[in-house]
Amino acid sequence: MSMPLRILGLLGLILRGILTTALVLPWCSRARRRRLICHWSRRLLQYLRLTIQVQGAWPDSPGPYLLTSNHISWVDIFVIHSVHPVRFISKSEVRHWPIFGWLAARTGTLFLSRSSRRQTLEIGKAMTQVLQAGDDLGFFPESTTSDGTSILPFKTSLLQSPLDCQATLLPIALRYSVPPGHSESAYPFIGDMTFMESLVRVLKSPPSQVSLSLGTPHKALELGTDRRQLALQLHLLTQQLRESM
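Structure below.
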């Protein structure tokens, strides 16, 4: 598909997403909501020419799960949604991204201002409420994106809530391939890059592949009795998943 046709298709998909989010999702059952988000995300990956390879399977038990992952790109969220949609915790800046920020807000994203300790405590309470309501929730413990060649240390700020409510954690790992003949992937969203700069870079990139490895669920207290222990164990599990790809 040529670039102009891909852009037209992407604009049509975005319009469909806006209409579905505004007019359909508020009245959906949880199961139908997940199906719609999953289908939309898979179509987005197709327009980005990104193929996903999944290692492992989503757990059979109903959850809810608190999913943790390494973080490379804004595309990570849609990669995860294409396998199993979850609500996410994102940095507050995402709310102001064109269109995608609005979509994130309307699909239940919790926005965190990392400069506010008070809001971190409020997000912790919201995490517990989301899980107690039966919704799966996801976040990126690195608290920022990396270039994908390694996993940054996991922050502890959001790990008290899963300990307090004895959440079931589901670690996963992501890795974007480097297309043949290229020195790097177009997907890392790092440095001073803006969202629009990253989107253009991704659209211009050759067809690529992302691998997603699903780990084994663990109760938070099985991995650590405090935030530091939990962060170290989650980091180790994520690193092992990444190395298994």
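Per UniProt numbering, residue 1 is the first one in the sequence shown, and the count goes up by one each step. No residue lacks a Cβ here, since even glycine has one placed at the ideal position from N, Cα and C. Since this is a predicted model, take the numbers as computed values, not measurements.
Please work out which residues of its chain come closer than 8 Å, Cβ to Cβ, to residue i, disregarding the five sequence neighbours upstream and downstream, and give them in chain order.
i: P4; result: none
i: S61; result: P217
i: L36; result: T20, V24, L25 and C28
i: T168; result: G63, P64, Y65, L66, P217, H218, K219 and A220
Quick one: measure Cβ to Cβ for residue i and residue j, integer angstroms, because I've assumed they're closer than 8 Å.
i: A126; j: Q166; result: With a Cβ gap of about 17 Å, A126 and Q166 do not count as contacting.
i: S198; j: W74; result: 7 Å
i: residue 249; j: P153; result: Because the chain here runs from 1 to 245, residue 249 falls outside it and cannot be looked at.
i: I99; j: I14; result: 6 Å
For residue i, is the classification buried or exposed, using 16 other Cβ atoms within 10 angstroms of its Cβ as the cut-off for buried?
i: E93; result: exposed
i: G181; result: exposed
i: E142; result: buried
i: A22; result: exposed
i: T68; result: buried
i: T51; result: exposed
i: P188; result: buried
i: S208; result: buried
i: R33; result: buried
Does DSSP put residue i in a helix, in a strand, or in coil?
i: P59; result: coil
i: W92; result: Trp is not the amino acid found at residue 92; the sequence shown has Ser there. DSSP places S92 in helix when its eight states are reduced to three.
i: Q166; result: coil
i: A220; result: helix
i: P171; result: strand
i: G134; result: coil
i: Y47; result: helix
i: F189; result: coil
i: T68; result: strand
i: F139; result: strand
i: I77; result: helix
i: F154; result: coil
Suppose the cutoff is 7 Å on Cβ atoms and the five residues either side in sequence are ignored; what does the same chain contact list for residue i look like?
i: L241; result: P171, I172, A173, S213 and G215
i: Q119; result: L112 and S113
i: G9; result: Y47
i: F139; result: T68, F88, I89 and L158
i: V178; result: E184 and S185
Going along the chain, which residues of its own chain have a beta-carbon closer than 6 Å to the beta-carbon of residue i, five neighbours each way excluded?
i: M245; result: R175, S211 and S213
i: W97; result: F195
i: S161; result: G124, M127 and T128
i: S157; result: T120
Exercise. Would you be able to state if there are at least three C-beta pairs under 8 Å between the stretch 218-230 and the stretch 193-210?
Key: no
Quiz item: With a cut-off of 8 Å, do at least 3 Cβ pairs link the stretch 135-151 to the stretch 36-56?
Solution: no
Quiz item: Is the stretch 102-112 touching the stretch 76-92, taking contact as three or more C-beta pairs under 8 Å?
Solution: yes
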